[in-house]
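Following this note's numbering, the numbering of the sequence shown begins with 598 at its first residue and continues without gaps.
Yeah, the Cβ is synthetic: ideal placement off N, Cα and C, and Gly gets one too.
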Amino acid sequence: MSLESTPKDAAAVILLRHHTDQNDPEVFWVRRSEKLAFLGGFYAFPGGQLDPSDAATPVENCVDTQTASLISCAARELFEELGVLVARGGDALTKGQRASLLDDLEQERMSWPTLLKHYDLCLDSNDFTSVGRWVTPPFSARRFDTWFFLVNCPAKQEPHVIPGELERGAWITARRAYESWQRSEIIAVPPTLHALKTLATGLTGDLIERFLSVPHAHREPVRRIEFRPNYICFPVRTPTKPPATHTNCYLIYNSREILVVDPASPDEDEQQALAGCLDELLAEGRIMREIVLTHLHPDHVGGVNALRQHLEETHRARAPGVAAHELTAAALGDDIRVDRFITDGETIELEGEPRISLRALHTPGHARGHLCFYEARTRTLISGDNIVGFGSVLIDPPEGNMRDYLASLERMRALPNLSVIFGGHGPAIANPNARIQEYLAHRLEREANILSAVRDGMTTSKEIVARVYTDVSRKAHGMAERAVLAHLEKLIADGLVSRCSDGVYVAGRTSD
Ligand SMILES: [Zn+2]
């Protein structure tokens, strides 16, 4: 049985400006709201998930029912998110009429197909050029099989972001948009970047071919995900904590060197896939600098020995060293040899262009020897398991320590103007400050609830879990108990709770 979730059908619209320059076309891109749990803060195209009503929407010149329903989805999402109505007969409507139609739809006075019929509008497949289907990699709970459509914005209609999922939007030439990603100014998913890069070459005769020229435009999940230039996120399958099924390995590279963070998978096929990605980078003339570990957990270090062996065998190179915090090295013992210790504050600087200088931060809490890496130039943080893009962070004593963890979160919050966090699991986090704030607020709320449970007379961790963790399933109560113990340890250290000689917890300080 696969734990990976099944992708849901979705559609996205790459909207081209009316009469745009064929050599330097303009598209309408949007920034997703920072408040969104899924891809908050990312730059993207308007779109969303298939609605049951889409199957009931007729589309002219389209024989395939599935394609028709996704065209309906694309047209509906475009209307709902940007107010742009791409339907035959729509030119006769005034701006005010379109606004009232949108209101009918939003207030659910009429369904999408009913609304189109009522106003004598019809969707036509000729207005929606299919330019590929991309599937979200299996590192996220929310996965989509997204159909991308190229659509010309009708004359006399001007898109504007309707507040909700999107924060803002603007016309921009594809070239400029792509360049802003190259300058590390924005975060976007691979299909967005592929579309921008493809359009940047102009609306040539072979445009559609170029869109479809990569296997990922035909539903093959992208393995080498470059949310930010020079940082490859390479999720590998691992026996990790559900709901996550994958751990992110990172390959940080420039013109000359490569650093590998957390070669995580114990599975041979996954190890080979990672080695393949590394080989591509090496074949372009780079050398391997080092393997770096964020922390000791098996779902982060499962592929270290295999990667070392691969480098020795295939490249006859001197095996790259493994570097980690001293406490990580001590815990790994003979299983994984650590050649060099990394201490708090030291920098690892990659030779070559661009210069990448990663500052190590010793950030215990999830694990004693946990390291994060911060690059000041692009304000990028590799956060290991301290902050993750998917799932939750377990603080399990004695390796885990809640007091340390909160201090580590505070330290990350103090980093100046973070632009992205690359976590050990899940997609990149493009709303880093909101996410750190959310982590802190969540832990402090739990702590307050646990303290009040103790003050109300709950004396064991089991009782406290039953009272405080009403939002998690019974199955997860074992883990919740570990977290409660971590909070109790912190409350004891803070002098707010005591553990009596018989093992029960009471509020305040006791003399025994
Ligand atoms: Zn971990």
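Which class does A1104 belong to by DSSP, given the choice of helix, strand or coil? strand
Compute every distance between the C-beta of D859 and the non-hydrogen atoms of ligand 1, then say whether any falls below 7 angstroms. no
Nearest neighbour of G1092, chosen from E1078, G986 and G1105 [CA to CA]: G1105
Do you know offhand how far F745's Cα is from T726's? 8 angstroms
Answer yes if the segment 980 to 990 comes into contact with the segment 1024 to 1033, meaning at least three C-beta pairs across the two stretches below 8 angstroms, and no otherwise. yes
State the DSSP-derived secondary structure class of A957, mapped to helix, strand or coil. strand
Distance check for R628 and L763, CA to CA, integer angstroms please. 6 angstroms
Ligand 1 heavy atoms versus the CB of A964: any closer than 7 angstroms? yes
Give me the Cβ distance between L893 and A964, rounded to the nearest whole Å; I'm assuming they're in contact under 8 angstroms. 6 angstroms
Take Q779 as the anchor and find which of L878, L856, K794 and I939 has the nearest alpha-carbon. K794
Starting from Q663, follow the alpha helix (DSSP H) in both directions and report where the run begins and ends. T662 to L679
What does the alpha-carbon distance come out to for the pair I611 and F639? 15 angstroms
Taking just the CA atoms, how far does T691 sit from L667? 26 angstroms
With DSSP as the reference, identify every bridge partner of M999, one or two as the case may be. Paired residue(s): none; M999 is not in a bridge.
Label C1097 either buried or exposed according to how many other C-beta atoms from any shown protein chain fall within 10 Å of its C-beta, with 16 as the threshold for buried. exposed
When you compare only the Cα positions, how much space is there between G899 and L1006? 26 angstroms
For ligand 1, any of its heavy atoms closer than 7 angstroms to the Cβ of A959? The identity of residue 959 in the sequence shown is His, whereas the question assumes Ala. For ligand 1, not one heavy atom lies less than 7 angstroms from the Cβ of H959.
Contact under 8 angstroms by Cβ, I979 with F1019: yes
How many Å lie between I784 and I1033 at the Cα? 18 angstroms
Which whole runs of the alpha helix (DSSP H) in the segment 962 to 1026 are 4 residues long or more, in chain order? 999 to 1010
D700 CB to nearest heavy atom of ligand 1 below 7 angstroms: no
Heavy atoms of ligand 1 versus C-beta positions, residues under 5 angstroms: H894 and D982
How far does the alpha helix (DSSP H) with Y1066 in it reach, from first residue to last? Here Y1066 belongs to no alpha helix (DSSP H), and DSSP marks it neither H nor E.
Per DSSP, what are the beta-bridge partners of G645 in this structure? A608
The alpha helix (DSSP H) enclosing A872, as first and last residue numbers: E865 to A880
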